[in-house]
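A.B. asks: Counting from 1 along the sequence shown, just add 799 to a position and that's the residue number in this note's numbering.
We put the beta carbon where it would ideally sit given N, CA and C, even for glycine.
Since this is a predicted model, take the numbers as computed values, not measurements.
Supplied in structure tokens, the structure appears directly below.
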Amino acid sequence: MPLPDVSDVDIDGEGKFKYILIQVIEKSTKQEKYIVRGYKRCPYHADIFDQTRAKTSQDFKLECPGGGRIKHDPKAKTLFVYGYSQGFGRGDHQLAVDILKSQFSDYEITWSNDGY
């Protein structure tokens, strides 16, 4: 699977949940990109990382520079990125917003370093 085929965004369709940024590095070419993953079913940020690792080709190295939380309101078409991960640290929320805009271009997407 080539790097462009790795989905930029995979988050739950609504609610509040933890998210992480993941740096995906193609081992053979050293090309890289960042992706966003977030799921209500995962009680810990590390669970999101583990699930993503299990579903990603071994052709890629994954690293997590941080995370936080997302509040997704599909009716209002809003995403709010905030907080931090105790295990991975605070994600670059501006980078996460930029990535989310690729899939949610008709949403209002904001972020804050406040909260947990």
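Residues bridged to residue 886 by DSSP?
C.D. replies: Numbered from its first residue, the sequence shown carries residue 886 at position 87. Bridge partners of residue 886: none, in fact.
A.B. asks: Which residue comes first and which comes last in the alpha helix (DSSP H) that contains residue 851?
C.D. replies: Here the question's residue 851 lines up with position 52 in the sequence shown. Counting along the chain, the alpha helix (DSSP H) containing residue 851 begins and ends at 844-854.
A.B. asks: Restricting to Cα atoms, I'd like to know which of 890, 803, 833, 907 is closest to residue 874.
C.D. replies: For the purposes of this step, residue 874 is taken as residue 75 along the sequence shown, with counting starting at 1. Comparing Cα positions, the closest option is 907.
A.B. asks: Taking residue 802 and residue 826 to be in contact with their CB atoms under 8 Å, please state how far apart those CB atoms are, rounded to whole angstroms.
C.D. replies: Indexing the sequence shown from 1 puts residue 802 at position 3. Indexing the sequence shown from 1 puts residue 826 at position 27. Not a contact, Cβ separation roughly 10 Å.
A.B. asks: Reducing DSSP to helix, strand and coil, say where residue 809 ends up.
C.D. replies: Locating residue 809 in the sequence shown gives position 10, where the first residue counts as 1. Residue 809 falls in the strand class under three-state DSSP.
A.B. asks: Roughly how many angstroms separate the alpha carbons of residue 836 and residue 810, rounded to a whole number?
C.D. replies: As a first step, residue 836 must be located in the sequence shown, where it is residue number 37. As a first step, residue 810 must be located in the sequence shown, where it is residue number 11. C-alpha separation (whole angstroms): 5 Å.
A.B. asks: Can you tell me the Cα-Cα spacing of residue 913 and residue 838, whole angstroms?
C.D. replies: Reading the sequence shown from its first residue, position 114 is the one you call residue 913. Reading the sequence shown from its first residue, position 39 is the one you call residue 838. If you take the alpha carbons of residue 913 and residue 838, they lie about 20 Å apart.
A.B. asks: Between which residues of its own chain and residue 890 is the CB-CB distance below 6 Å, once the five residues before and five after are set aside?
C.D. replies: Here the question's residue 890 lines up with position 91 in the sequence shown. The residues are 820, 865, 866, 867.
A.B. asks: Could you compute how far the alpha carbon of residue 846 sits from the alpha carbon of residue 887?
C.D. replies: Counting from one through the sequence shown, the residue named residue 846 turns up at place 47. Counting from one through the sequence shown, the residue named residue 887 turns up at place 88. Going from the Cα of residue 846 to the Cα of residue 887 covers about 12 Å.
A.B. asks: For residue 903, list the residues DSSP reports as bridge partners.
C.D. replies: In the sequence shown, counting from the first residue as 1, residue 903 sits at position 104. Residue 903 pairs with nothing; no bridge assigned.
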